[in-house]
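**Q** The structure follows.
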Amino acid sequence: MAVGVFAGIPVRDYASALEWYKRLFGAEPAFYPNDIEAVWQLAEDRYVYIIQDLGRAGGAVSMIWVDDPTAEVARISGQGLEPVDVEKHGSVWKYVFHDGDGNETGIGGEVPTTG
Numbered sequence: 001m002a003v004g005v006f007a008g009i010p011v012r013d014y015a016s017a018l019e020w021y022k023r024l025f026g027a028e029p030a031f032y033p034n035d036i037e038a039v040w041q042l043a044e045d046r047y048v049y050i051i052q053d054l055g056r057a058g059g060a061v062s063m064i065w066v067d068d069p070t071a072e073v074a075r076i077s078g079q080g081l082e083p084v085d086v087e088k089h090g091s092v093w094k095y096v097f098h099d100g101d102g103n104e105t106g107i108g109g110e111v112p113t114t115g
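Here the sequence shown is numbered in the UniProt record's numbering, starting from 1 and rising by one per residue.
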């Protein structure tokens with residue numbers, strides 16, 4: 001069975017959110033299905049999209065697992081976005097980002113432990 005994932009994030013202000021997510025993902029969207037949606041491909045058959053949806057904006061929670069979360073967060077910080085929190089569970093860390101609507105995107109993975 002082939003498996004793919006499309007995760008949607010509802011936003012109020014599409015134009016503002018589009019710019020924020022371009023900075024978060026470090027790329028232009030892979031495609032635009034219409035004038036209120038933008039889709040990024042994170043890996044083969046793995047996509048995240050934003051959609052203007054006033055009634056549901058602000059309630060999304062997502063987590064993106066990366067090989068090197070500290071390097072990815074450094075890249076994102078270079079784009080002017082800073083995490084609002086860091087959750088540490090042993091060697092697994094999750095950096096929490098909130099967009100302008102309050103949607104939460106976690107960037108996480110295993111980090112090298114010292115000692």
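Just so you know, even glycine gets a beta-carbon here, dropped at the ideal spot from N, CA and C.
1. Do you know how far the Cα of Phe31 is from the Cα of Trp40?
2. Consult DSSP for Ala30 and reduce its assignment to one of helix, strand or coil.
3. Measuring only the C-alpha atoms, how far is Val61 from Asn34?
4. Just tell me which of Glu44, Ala43 and Val48 has its CA closest to the CA of Glu37.
5. Taking DSSP as the reference, what is the three-state secondary structure of Ser91?
**A** Judging by the given coordinates:
1. Going from the Cα of Trp40 to the Cα of Phe31 covers about 7 Å.
2. coil
3. 23 Å
4. Val48
5. coil
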